[in-house]
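Q: A single structure is presented below for examination.
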Ligand SMILES: Cc1ncc(COP(=O)(O)O)c(C=O)c1O
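See the structure below:
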């Protein structure tokens with residue numbers, strides 16, 4: 439007799455970009471070259487000075503780089519993160535309120551584990567980062583999606599949030615800015631209104647900001663400044679300085695909740711990876727390198743974004759919002775695909791198998807974007823972005 443499984447694990451879903459990567463892997467084994475416009479991966483490695491420092495440190499005949507670290511991360515790193523936020527965002531956070539974790543996913547999981555109970559309601563935007571739709575059902579909560587349409591530039595719908603909160607079951611509101619998949623920044627006045635709702639009703643704002651230095655126009659809004667008692671902020675070093683495979687991020691918020699999130703993080707990973715912590719510490723402490731690097735990758739990514747937008751404008755029958763930040767353009771292809779009776783998933787699959795271009799179908803971000811496709815502009819070179827978008831346009835006009 440087969441012993442039973444945990445039922446909640448059945449609620450977990452594989453990330454669509456992971457599933458796409460598996461197909462791409464098989465295609466590459468056959469010698470096919472795929473243009474990757476799917477995952478939100480950086481195309482710029484960490485600064486050379488920092489990599490050289492690490493190469494030198496690896497020559498040491500000692501255990502320094504390989505040992506366990508404190509569970510919440512090195513105190514030096516937490517201090518460097520506090521100093522970085524103060525300088526770049528004017529946010530004052532004490533190192534005790536910062537927890538270093540094993541990447542953005544761990545930040546999300548540990549934070550939810552620390553606040554959610556089965557039956558709670560969690561307000562999410564529709565569209566939103568697929569990671570939330572994949573993970574939240576595991577906690578037995580009810581997802582309450584609030585549509586933020588392209589017509590309002592994807593700004594969260596404050597009235598919709600007010601309405602949902604009236605039921606009195608909301609435990610948390612999840613917000614992402616700069617956003618994945620839309621690239622919009624939350625406006626200051628909208629943020630203020632949501633912060634007020636959260637404060638009035640005793641609701642957590644889970645604020646996910648891994649793209650906060652990937653901003654091309656506009657500025658980043660800080661919920662921690664607006665509602666410090668209610669905000670749990672999440673960050674990943676996966677995009678800046680560009681170490682997604684090295685798994686490092688941080689959480690900050692009120693000390694008492696951070697202490698609880700730290701217990702979950704310790705229970706699941708013990709401590710965040712030591713070598714990644716050393717690399718980021720060197721990066722954040724070297725202010726000149728830090729500032730120069732941000733300017734550099736912003737320039738690289740803004741150029742690629744503009745190029746992608748320019749190429750997309752040549753395609754008939756689609757519409758999109760020019761992203762102000764992050765790594766993505768969300769393209770609405772309803773006019774063409776609905777007419778042809780082709781779902782976005784079928785189109786994306788055809789694009790991958792026939793044109794060798796990987797993109798993510800909009801259905802993974804919510805019900806409001808089932809006719810959209812997410813394209814990432816950061817990983818590939820300008821020539822390959824141009825080629826990838828041209829093939830995307832070709833297939834749209836052929837299908
Ligand atoms: C909004 C958002 N949150 C969290 C994550 C996960 O971060 P990580 O890749 O460090 O696990 C991502 C990754 O793309 C993201 O876009």
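Residue numbers (our numbering): 439 to 837. Note that the Cβ used here is the ideal one computed from N, Cα and C, for glycine as well.
1) Name the DSSP beta bridge partners of residue 674, please?
2) What are the boundary residues of the beta strand (DSSP E) that includes residue 583?
3) Can you find a heavy atom of ligand 1 that lies under 7 Å from the Cβ of residue 805?
4) Kindly provide the ranges of any alpha helix (DSSP H) runs that are 4 or more residues long and lie completely inside the stretch 603–649, ordered along the chain.
5) Quick one: using the 10 Å Cβ neighbour count with 16 as the cut-off for buried, is residue 638 buried or exposed?
6) Given a threshold of 16 other Cβ atoms within 10 Å of its Cβ, counted over all protein chains shown, does residue 746 qualify as buried or as exposed?
7) Using 8 Å as the threshold, is the C-beta distance between residue 454 and residue 568 below it?
8) Looking at residue 485 and residue 727, is the spacing between their C-beta atoms short of 8 Å?
9) Which first and last residues belong to the alpha helix (DSSP H) in which residue 475 is found?
10) With a CB to CB cut of under 6 Å and the five nearest residues on each side skipped, what residues in its chain are close to residue 612?
11) On the CB-based measure, 16 or more other CB atoms within 10 Å of its CB, does residue 664 come out buried or exposed?
12) Specify the secondary structure class of residue 533 as computed by DSSP and reduced to three states.
13) If you draw a straight line from the C-alpha of residue 750 to the C-alpha of residue 813, how long is it?
14) Out of 642, 632 and 615, point me to the one whose CA is closest to residue 595's CA.
15) For the alpha helix (DSSP H) that residue 526 lies in, which residues bound it at each end?
16) Say yes only if the C-beta of residue 614 is nearer than 7 Å to one or more non-hydrogen atoms of ligand 1, and no if none qualify.
17) Tell me whether residue 676 counts as near ligand 1, meaning its Cβ is closer than 7 Å to at least one heavy atom of that ligand.
18) As a quick exercise: from 519, 650, 748 and 774, pick the residue whose alpha carbon is nearest that of residue 754.
19) What residues are listed by DSSP as bridge partners for residue 483?
20) Just verifying my parser: in three-state terms, what is the DSSP assignment at residue 746?
21) Give every residue of the same chain whose Cβ lies closer than 6 Å to the Cβ of residue 702, excluding the five residues on either side of it in the sequence, and list them in chain order.
22) Which of helix, strand or coil does DSSP assign to residue 653?
23) Quick one: is the Cβ of residue 506 within less than 7 Å of any heavy atom of ligand 1?
24) Would you check if the distance between the CB atom of residue 761 and the CB atom of residue 507 is smaller than 8 Å?
A: If we stick to the structure as given:
1) 687
2) 580–585
3) no
4) 626–639
5) exposed
6) buried
7) yes
8) yes
9) First-last for residue 475: undefined, no H or E at that position.
10) 562, 570 and 644
11) buried
12) helix
13) 10 Å
14) 632
15) 513–527
16) yes
17) yes
18) 774
19) In the DSSP output, where bridge partners are listed per residue, residue 483 has none listed.
20) helix
21) 548, 551 and 552
22) strand
23) no
24) no
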